[in-house]
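As they're listed, the protein sequences go chains A and B. Per the numbering used here, residue 150 is the first one in the first sequence, and the count goes up by one each step. Per the numbering used here, residue 5 is the first one in the second sequence, and the count goes up by one each step. Report on the following structure.
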Amino acid sequence: MKIVAITSCATGIAHSYMAAEALRKAAKELGDEIRVEVQGAMGIENRLTDEQIVEADIVIWAVDVNVRDKDRFDEKNVIQLGPNEVIRDAKKILSDIKANLSKS
Amino acid sequence: MKTKKLEISRVIKPEMVDLDGKGFRDKEALLDHMITMLFDAGVVDSKQEYLEAIYLRESMGPTYMGNFIAIPHGKCAAVKNPGVAFCRCDSGVFYHTDLGGGDVKLVFMLAIPDQMSGEEYMRVLSQLARLLVYPDFTDRLYQAQNYTDVINAIKECEAKLD
């Protein structure tokens with residue numbers, strides 16, 4: 150599956166990067182393709198392109214602050230959760246999302 | 005302009021690493037100890053101001069990450085240079101949060117200056133956060149005998165990040 154994600158957190162240093170890495174690691178283990186945009190203290194890193202967003206099967210926001218430029222996602226179903234949840238068990242979260250998708 | 009790669013050892017100094025953290029009554033005592041390490045190393049110039057920044061961040065959401073890891077962090081003007089203190093508590097310290105919390109054994113405390121200068125420093129802090137997701141890295145932190153082992157673990161695991 151193609152997944153795009155945005156991570157951000159209160160100070161934009163620790164959790165946003167840990168959550169991004171946890172998602173990348175989980176996607177790799179599950180054989181999915183993922184692009185993660187980090188909205189952190191250094192600005193927006195690895196900004197998602199419109200094409201990547203359009204093509205994505207799954208959109209995840211692992212954020213506890215506002216997402217910047219959220220209108221890019223107007224046409225998409227967005228799954229929103231906290232960065233901490235992702236850090237704790239990204240693999241289970243991704244598996245569950247995929248299982249739900251295949252049911253619908 | 006080409007910038008020279010920042011050495012992790014400039015962000016984590018020997019006096020900011022304690023591999024034998026014990027006897028902490030609670031989370032507050034552990035945080036106090038780590039704040040003192042950063043103060044003594046000259047990373048922060050006001051314990052009180054930095055402590056308030058740490059607790060302000062704690063109030064926004066848990067810095068306990070599960071898996072015996074916590075990353076408390078404070079951003080304020082009292083931070084002179086970005087720095088990281090590391091304390092390993094083999095017997096665990098209960099780290100309470102609004103969501104319950106849990107025992108921690110590996111604690112990294114990040115000190116972030118108010119003014120966002122020095123991108124390279126910020127990159128180092130964020131790389132460290134990324135590494136904590138990997139059991140290969142945390143295993144090496146548990147096995148580390150001294151400061152050099154910690155620095156080598158960071159350097160070698162960092163090289164494997166994409």
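Using N, Cα and C, we set each Cβ at its ideal position, and we do this for glycine too. Computed from a prediction, not measured in an experiment: that's the story for all the values here.
Determine the contact status of residue i and residue j, defining contact as a CB-CB distance below 8 Å.
| i | j | result |
| --- | --- | --- |
| A/I228 | A/V208 | yes |
| B/M126 | A/M167 | no |
| B/P86 | B/V15 | yes |
| B/C80 | B/D118 | yes |
| B/G106 | B/G65 | no |
Would you mind telling me which residues of chain B sit closer than 9 Å to residue i, beta carbon to beta carbon, in chain order?
| i | result |
| --- | --- |
| A/T160 | R61, M64, H77, G78, K79, L114 and I116 |
| A/K240 | Neighbours of A/K240 on chain B: none; closest Cβ ~11 Å, over 9 Å. |
Which chain A residues are close to residue i, counting only those with a beta carbon under 8 Å from its beta carbon?
| i | result |
| --- | --- |
| B/E175 | What the structure shows of chain B is the stretch from 5 to 166, and residue 175 of chain B is not part of that stretch, so it cannot be assessed. |
Could you name the residues of the same chain whose beta carbon sits closer than 8 Å to that of residue i, not counting the 5 residues immediately before and after it, in chain order?
| i | result |
| --- | --- |
| B/T67 | R61, A74, I75, P76, H77 and T101 |
| A/E182 | M150, K151, I152 and A176 |
| B/L129 | V15, P86, V88, L114 and I116 |
| A/L230 | I209, W210, A211 and I242 |
| A/R221 | L197, D199 and I202 |
Quick one: list the residues of chain E neighbouring residue i, beta-carbon separation under 8 Å, in chain order.
| i | result |
| --- | --- |
| A/R237 | No chain E appears in the structure shown, which is made up of the protein chains A and B. |
The alpha helix (DSSP H) that contains residue i, what's its start and end?
| i | result |
| --- | --- |
| B/H100 | Neither: B/H100 is in no alpha helix (DSSP H) and is coded neither H nor E. |
| A/K252 | P232 to K252 |
| B/V154 | Y151 to E162 |
| B/T40 | K31 to D44 |
| B/M126 | E123 to L135 |
| B/I16 | First-last for B/I16: undefined, no H or E at that position. |
| A/T156 | No alpha helix (DSSP H) holds A/T156; the beta strand (DSSP E) holding it covers K151 to S157. |
| A/R173 | H164 to L179 |
I'd like the list of long-range same chain contacts for residue i, defined as Cβ closer than 6 Å, with 5 residues on each side in sequence excluded.
| i | result |
| --- | --- |
| B/K17 | A45 |
| B/S50 | A82 |
| A/S244 | none |
| B/V97 | F28, L34 and V108 |
| A/R296 | Residue 296 of chain A lies beyond the residue range present for chain A, which begins at 150 and ends at 253; the question has no answer from this structure. |
Span of the beta strand (DSSP E) holding residue i?
| i | result |
| --- | --- |
| B/L110 | G106 to P117 |
| B/Y68 | Y68 to G70 |
| A/E200 | Run containing A/E200: none in the beta strand (DSSP E); it sits in the alpha helix (DSSP H), D199 to E204. |
| B/K2 | Any question about residue 2 of chain B goes unanswered here, given that chain B covers just 5 to 166. |
| A/A194 | The sequence shown places Glu at residue 194 of chain A, not Ala. Per DSSP, A/E194 belongs to the beta strand (DSSP E) from G192 to E194. |
| B/E62 | From DSSP, B/E62 is part of no beta strand (DSSP E) but of the alpha helix (DSSP H) over K51 to M64. |
| A/R184 | E182 to G189 |
| A/A211 | I207 to V212 |
How would you list, in chain order, the residues of chain B whose beta-carbon sits under 7 Å from the beta-carbon of residue i?
| i | result |
| --- | --- |
| A/E224 | Going along chain B, no residue has its Cβ under 7 Å from A/E224, so there is no contact; the nearest lies around 29 Å. |
| A/A176 | Result: empty, since nearest Cβ-Cβ is about 12 Å, beyond 7 Å. |
Starting from the C-beta of residue i, find all residues in its chain whose C-beta is less than 7 Å away, skip the five residues before and the five after it, and write them out in chain order.
| i | result |
| --- | --- |
| B/L35 | I58 and P76 |
| A/R173 | I183 and V185 |
Note down, in chain order, every chain B residue with its Cβ under 8 Å from the Cβ of residue i.
| i | result |
| --- | --- |
| A/A171 | V137 |
**Asked** Which residues, in chain order, does the segment 129-141 of chain B contribute to contact with chain A at a C-beta distance below 9 Å?
**Response** Residues of the segment 129-141 of chain B whose Cβ lies closer than 9 Å to any Cβ of chain A, in chain order: L129, S130, Q131, L132, A133, R134, L135, L136, V137 and Y138.
**Message:** Using a Cβ-Cβ cutoff of 8 Å, what residues of the segment 198-219 of chain A are near chain B? List them in chain order.
**Reply:** The segment 198-219 of chain A vs chain B, Cβ under 8 Å: D213.
**Message:** Residues of the segment 14-43 of chain B in Cβ contact with chain A at a cutoff of 9 Å, in chain order, please.
**Reply:** Listed in sequence order: no entries.
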